[in-house]
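Residue numbers (UniProt numbering): 1 to 515.
The C-beta atom is built at its ideal place from N, Cα and C for all residues, glycine as well.
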Amino acid sequence: MFDEAKAQRAVEFIRCLKHTKGRWRGQAFDLLPWQETIIRDVFGTVKEDGFRQYNTAYVEIPKKNGKSELAAGVALYMTCGDNEWGAEVYGCASDRQQASIVFDVAVDMVEQCPALKKRIKPVMSVKRLVYKPTNSFYQVLSAEVYTKHGLNVHAVIFDELHSQPNRELFDVMTKGSGDARTQPLFFLITTAGTDRHSVCFEQHQKAEDILCGRKADPTFYPVIYGASDDADWTSEEVWYRANPSLGHTIDIGKVRNACLSARDNPAEENIFRQLRLNQWVKQSTRWMQMEKWDACAFPVDEGELLGRECYGGLDLSSSIDITAFVLVFPPRDDTERYVFLPFFWIPEENMVRRVRRDHVPYDVWEKQGFLETTEGDVIHYGFIESFIEDLGKRFHIKEIAFDRWGAVQMVQNLEGLGFTVVPFGQGFKDMSPPTKRLMELVLERNVAHGGHPVLRWMMDNIFVRTDPAGNIKPDKEKSTEKIDGAVAAVMALDRAVRNGGSTGSVYDERGILSF
């Protein structure tokens, strides 16, 4: 149920504060409609016993919409206005400096409010504000997780949750720390991030599920402002929907300039999408221009490729992960494109677990025939060897390039089956030329990949590392998701380019092999 008096009390408290930044400094904190809605809902929605219903508020919104000022207001209210004796309110973030941003705003707000300044004692050496009438305090925490057990938390303000390097601090501060309080509040504020295995994305997914009606949690209050993944990121209408403070705390001209810069420099596109539109992108800097990749989704007919010369790239990754094998068919004349034909395998028994953990639709791709499973909880390499052997009966596989890591036994077995197998280094020397060539071919629309969704996902995941000489290579460690298929495609493309293209069909010399 809703208690209007409690909602109004929180709103009036924050309205007594003043802004601290730029041209707004010194002006009364008149809550914008989206901010007032959050305050009223969080502090006015109560249970039958009169205590707050929500103990977690998740607010995800693009940068510069005023979330730090709102969070500072909430922190001060929980410290000074919530009628809680000995309230302990903590500010947390990825590091002490980040957590200090909201705290410093709160300090400035106190300085501009005579009533609070008279009652609050600042202890700046430990970044603590002590509210003397109730012996409560608001303090910034450092990152040493092991020191945080045993806190009697009344509120936690988590700033930029997406920047948390792991879930340790989040778990310590939110799991059981407020059990001794009647109405603790965990106020989580963040922009979208890039790591879909993070605690922030876990909270994002929960918020989305509640907003869409897939889950119910009466203690969790979700707010997400942002653009959908398929929205036109250059549209001002989309900008306004994603930024409720646009035209107030955000100058539309600055967003226009940032968009123009991103359009001129595709490497900035993901940064714009993440920070300005609150989209969960793969990484801050995108290498592959996905609209250009999608423009190369020309149909691929395996029947028309039978007997054609091609080159393979094999990336085994690990025995519990995705294995990728990509065939590249070079053009036979100026009218043809490089054709990519990818194959992927994942262990059957860990697929469901990985779908739930990684939020990647492996199960859907498997049903659609874009990915195969091998029996057991680890990759069955014998199955893959037999599969490649069968491919060799259908296509003229001249060479198979492979990453030396972990492929010794399979390489020996493939050589025993009559394939020419070529080791391929993963450093700048070997990877840079074909990686650059792949981008050139995509920009020229000289690739046909049939829109294969698994390969597309991996191309979108690529983070490219650059050395001082300008050489590049896909970086598996920095790429936030799997890129095995992209690496396999680069290796196969290298062999196809080096060998000067295709001279025709093996069927000119022999018939179709039966299998």
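In the structure shown, LYS473 falls within a strand segment according to DSSP collapsed to helix, strand and coil. Judged by DSSP secondary structure, ASP460 falls within the alpha helix (DSSP H) whose first and last residues are 453 to 461. In the DSSP assignment, ALA71 falls within the unbroken alpha helix (DSSP H) covering 67 to 76. As a beta-bridge residue in DSSP terms, VAL326 pairs with GLY313 and PRO342.
Between GLY226 and ASN278 the beta-carbon gap is near 3 Å, inside 8 Å, which marks them as a contact. Taken through DSSP and simplified to helix, strand or coil, ILE224 comes out as strand. With contacts defined as CB atoms closer than 7 Å, ALA207 and ILE224 qualify as a contacting pair.
For GLN274, the closest alpha carbon among the candidates ASP179, LEU31, ASP363 and GLY193 is that of GLY193. ALA75 and ARG214 have their C-alpha atoms spaced approximately 31 Å apart. Classified as buried, GLN35 has 16 or more neighbouring CB atoms from the shown chains inside 10 Å of its CB. Taken in chain order, the unbroken stretches of beta strand (DSSP E) that lie wholly in the region 108 to 135 and span 3 residues or more are 120 to 123 and 128 to 131.
Taking 7 Å as the cut-off, the beta carbon of CYS296 is found no closer than this to the beta carbon of VAL454.
Three or more pairs of CB atoms, one per stretch, sit closer than 8 Å, so the region 181 to 189 contacts the region 155 to 163.
Under a 10 Å Cβ-count criterion, HIS248 is classified as exposed, with fewer than 16 other Cβ atoms of the shown protein chains found around its own Cβ.
With a 10 Å radius around the Cβ and a threshold of 16 neighbouring Cβ atoms, MET431 comes out buried. Between VAL490 and THR420, the CB-CB gap reaches or exceeds 7 Å. Nearest Cα to GLU415 within the set ILE388, GLY86, GLY425 and PHE395: ILE388.
The three-state reading of DSSP puts ILE250 in strand, counting E and B together. As the crow flies, the alpha-carbon of GLY451 is around 42 Å from that of ASP95. Looking at ASN265, GLU291 and VAL339, the one whose alpha-carbon comes closest to that of GLY303 is VAL339.
Residues ASP467, ASN471 and LYS473 of the same chain have their beta carbon placed closer than 6 Å to that of PHE428, with the five preceding and five following residues left out of the count. Between the C-alpha atoms of SER68 and MET351 there is a straight-line separation of about 40 Å. Within the region 141 to 227, the complete alpha helix (DSSP H) segments of 4 residues or longer fall at 168 to 174 and 199 to 211, listed in chain order.
Distances from the alpha-carbon of VAL42 to those of LYS18, LYS21, ALA106 and LEU70 put LEU70 closest.
Between VAL497 and VAL328, the alpha-carbon positions lie close to 10 Å from each other. Distance check between TRP345 and each of PRO361, GLY176, ASP321 and ARG356 places ASP321 closest, using alpha-carbon atoms only. ILE462 is positioned such that its CB atom lies no closer than 7 Å to that of ALA488. Boundaries of the beta strand (DSSP E) harbouring THR56: 56 to 60, taken from the DSSP string. DSSP, read as helix, strand or coil, puts GLU399 in strand.
Take the alpha-carbon of TYR58 and the one of THR79: they are about 19 Å apart.
If the five residues before and after ALA180 are omitted, its C-beta is found closer than 7 Å to the C-beta atoms of ASN152, all from its own chain and listed in chain order.
Taken through DSSP and simplified to helix, strand or coil, VAL442 comes out as helix. In the displayed model, VAL105 falls within a helix according to three-state DSSP.
Listed in chain order, the non-local C-beta contacts of GLY44 below 7 Å within the same chain comprise PHE2, ASP3, GLU4, LYS6 and ALA7, local neighbours out to five positions each way being set aside. A direct Cα-to-Cα measurement between GLU366 and THR373 gives close to 7 Å. The region 20 to 37 makes contact with the region 95 to 112; the number of CB pairs closer than 8 Å reaches 3 or more.
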